[in-house]
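What follows is a short report on a single structure.
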Amino acid sequence: MKTLQEIVDKSRRIVFFGGAGVSTESGIPDFRSEDGLYRQKYTVSPETMLSHDWFFSHTEEFFKFYRDKMLPLWAEPNAAHKKLAELEKKGKLLAVVTQNIDGLHQKAGSKNVYELHGTVHKNTCLKCKKTYSAEQIAAMKGVPHCACGGLIKPDVVLYGEALDEDTVEGAVRAIAAADTLIVAGTSLTVYPAAGFVSFFRGNDLVLINRDPTPLDSQCDLVLHGKVGEILSEIKV
Ligand code: APR
Numbered sequence: 680m681k682t683l684q685e686i687v688d689k690s691r692r693i694v695f696f697g698g699a700g701v702s703t704e705s706g707i708p709d710f711r712s713e714d715g716l717y718r719q720k721y722t723v724s725p726e727t728m729l730s731h732d733w734f735f736s737h738t739e740e741f742f743k744f745y746r747d748k749m750l751p752l753w754a755e756p757n758a759a760h761k762k763l764a765e766l767e768k769k770g771k772l773l774a775v776v777t778q779n780i781d782g783l784h785q786k787a788g789s790k791n792v793y794e795l796h797g798t799v800h801k802n803t804c805l806k807c808k809k810t811y812s813a814e815q816i817a818a819m820k821g822v823p824h825c826a827c828g829g830l831i832k833p834d835v836v837l838y839g840e841a842l843d844e845d846t847v848e849g850a851v852r853a854i855a856a857a858d859t860l861i862v863a864g865t866s867l868t869v870y871p872a873a874g875f876v877s878f879f880r881g882n883d884l885v886l887i888n889r890d891p892t893p894l895d896s897q898c899d900l901v902l903h904g905k906v907g908e909i910l911s912e913i914k915v
């Protein structure tokens with residue numbers, strides 16, 4: 680913790696790269712931990728149910744799973760989200776790059792957030808491009824349709840879909856400009872997201888994760904623990 684505080688004190692351009700483990704302390708299960716979403720029993724794997732093809736071939740089932748598991752609108756930002764927003768406000772953090780789609784970083788006050796896998800908070804009609812909120816999708820029954828009759832699709836990057844180019848470019852630029860990169864709450868198993876860390880050229884690569892990751896050996900500092908608890912101890 681002392682070393683982490685020293686790194687934060689001397690850093691001027693921190694970038695945070697996070698995953699589902701950043702939201703578990705807000706009550707949202709991650710994917711690959713013991714109690715993760717991908718460990719629960721399903722007839723069809725969640726990776727299939729969250730794929731581009733399944734969205735179009737089994738739209739009814741997609742939205743049942745999606746409303747059931749991917750719309751935790753009750754969740755509040757935890758200490759990790761709040762500390763990152765504080766670091767940005769104090770001019771020490773350039774950006775948050777997240778694989779999460781829950782919008783909790785913005786809800787905590789973060790302004791510069793790159794959502795590599797999109798967000799549940801924007802849903803677009805495939806016909807007329809009108810956008811709808813997550814609350815509107817949650818309130819609709821069955822397959823959500825636009826007033827124009829078009830099918831509404833969540834702006835979430837499904838398996839088999841490409842990441843948004845502007846988001847990718849912004850995230851890579853931020854990571855390449857960082858003097859400190861803090862990677863947290865991610866198993867670093869899903870590409871291309873996990874590959875973004877390789878663009879880091881700064882001084883301190885910090886990993887905060889409950890379980891070991893493939894990146895541990897390359898980091899300057901590794902803290903195995905809860906990212907919310909750990910970041911809450913940082914003085915900005
Ligand atoms: N503090 C620190 N680490 C945590 C915490 C916590 N409170 N809770 C969980 N973790 C760690 C786990 O040990 C695990 O290594 O976070 C990691 C979560 O890994 P995953 O469940 O694989 O989530 P993530 O890495 O974000 O998955 C990447 O996979 O399914 C796709 O698109 C989905 O964005 C997701 C991507």
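For the sequence shown, my numbering gives the first residue as 680, with consecutive numbering after it.
Built from N, CA and C at the ideal position, the CB exists for glycine as well.
Everything numeric in this text was worked out from a predicted model, so none of it was measured.
Q) Can the beta-carbon of residue 901 be found less than 7 angstroms from the beta-carbon of residue 884? A) Taking the first residue of the sequence shown as position 1, residue 901 is located at position 222. Taking the first residue of the sequence shown as position 1, residue 884 is located at position 205. No, the Cβ-Cβ distance between residue 901 and residue 884 is not below 7 angstroms.
Q: Provide the residue(s) that pair with residue 696 in DSSP beta bridges, ordered along the chain.
A: Here residue 696 corresponds to residue number 17 of the sequence shown, with the count starting at 1. By DSSP's assignment, residue 696 forms a beta bridge with 776, 862.
Q | Residue interval of the beta strand (DSSP E) (run including residue 766) | A | For the purposes of this step, residue 766 is taken as the residue at position 87 of the sequence shown. Note, residue 766: premise wrong, no beta strand (DSSP E); alpha helix (DSSP H) at 758-768.
(Q) Checking 7 angstroms against the spacing of the C-beta atoms, do residue 893 and residue 867 come in under that value? (A) Mapped onto the sequence shown, residue 893 falls at position 214. Mapped onto the sequence shown, residue 867 falls at position 188. Yes.
Q: Look at the Cβ atom of residue 834, then the Cβ atom of residue 798, and state whether they are nearer than 7 angstroms.
A: If you number the sequence shown from 1, residue 834 lands on position 155. If you number the sequence shown from 1, residue 798 lands on position 119. Residue 834 places its beta carbon less than 7 angstroms from that of residue 798.
Q | Ranges of the beta strand (DSSP E) found wholly within the region 784-861, counting only runs of at least 3 | A | Entirely contained in the region 784-861, the beta strand (DSSP E) runs reaching 3 residues are, in chain order, 792-794, 797-804, 831-835.
Q. Could you give the residue range of the beta strand (DSSP E) that holds residue 883?
A. Position 204 of the sequence shown, counting from 1, holds the residue named residue 883. Residue 883 -> beta strand (DSSP E) spans 883-887.
(Q) On the CB-based measure, 16 or more other CB atoms within 10 Å of its CB, does residue 724 come out buried or exposed? (A) By 1-based counting over the sequence shown, the position of residue 724 is 45. Residue 724 should be labelled exposed.
Q. By the 10 Å Cβ neighbour count, where 16 or more other Cβ atoms means buried, how is residue 812 classified, buried or exposed?
A. What you label residue 812 is simply residue 133 of the sequence shown in a count that begins at 1. Exposed is the call here.
**Q.** beta strand (DSSP E) segment containing residue 900, residue limits
**A.** Position 221 of the sequence shown, counted from the start, is the residue given in the question as residue 900. Counting along the chain, the unbroken beta strand (DSSP E) around residue 900 starts and ends at 900-902.
Q. Is the region 697-709 touching the region 773-785, taking contact as three or more C-beta pairs under 8 angstroms?
A. Counting Cβ pairs under 8 angstroms, three or more are found: they touch.
Q | Residues that DSSP places opposite residue 724 in a beta bridge | A | Position 45 of the sequence shown holds residue 724. Beta-bridge pairing links residue 724 to no other residue.
Q | Simplified DSSP state of residue 702, which is helix, strand or coil | A | Stepping through the sequence shown from its first residue, residue 702 is reached at position 23. Note: residue 702 maps to coil in three-state DSSP.
Q: Give the straight-line distance between the Cα atoms of residue 735 and residue 692, rounded to the nearest whole angstrom.
A: To locate residue 735, count along the sequence shown from 1; it is residue 56. To locate residue 692, count along the sequence shown from 1; it is residue 13. Taking the straight line joining both Cα atoms gives about 42 angstroms.
Q) CB of residue 706 to nearest heavy atom of the ligand APR: below 6 angstroms? A) Taking the first residue of the sequence shown as 1, we reach residue 706 at position 27. Because no heavy atom of the ligand APR lies under 6 angstroms away, the Cβ of residue 706 does not count as near it: no.
Q. Got a sec, what are the start and stop residues for the alpha helix (DSSP H) residue 683 sits in?
A. One-based indexing of the sequence shown puts residue 683 at position 4. Residues 681-689.
Q: Report whether the distance from the Cβ of residue 700 to the nearest heavy atom of the ligand APR is below 6 angstroms.
A: Taking the sequence shown and counting its residues from 1, the one referred to as residue 700 is at position 21. Yes - the ligand APR has a heavy atom lying nearer than 6 angstroms to the Cβ of residue 700.
Q: Measure how close the beta-carbons of residue 763 and residue 695 come, nearest whole angstrom, since I'm counting them as under 8 angstroms.
A: Here residue 763 corresponds to residue number 84 of the sequence shown, with the count starting at 1. Here residue 695 corresponds to residue number 16 of the sequence shown, with the count starting at 1. The pair is a contact, with the Cβ atoms about 5 angstroms apart (cut-off 8 angstroms).
Q: Report yes if the C-beta distance between residue 774 and residue 907 is below 7 angstroms; otherwise report no.
A: Within the sequence shown, numbered from 1, the residue matching residue 774 stands at position 95. Within the sequence shown, numbered from 1, the residue matching residue 907 stands at position 228. Cβ atoms of residue 774 and residue 907: not closer than 7 angstroms.
Q.
Does residue 911 come out as helix, strand or coil in the three-state DSSP assignment?
A. Along the sequence shown, read from residue 1 onward, the residue named residue 911 stands at position 232. Helix at residue 911.
Q.
I'd like to confirm something about residue 778: is its beta-carbon nearer than 6 angstroms to some heavy atom of the ligand APR, or not?
A. Reading the sequence shown from its first residue, position 99 is the one you call residue 778. Yes, the beta carbon of residue 778 sits closer than 6 angstroms to at least one heavy atom of the ligand APR.
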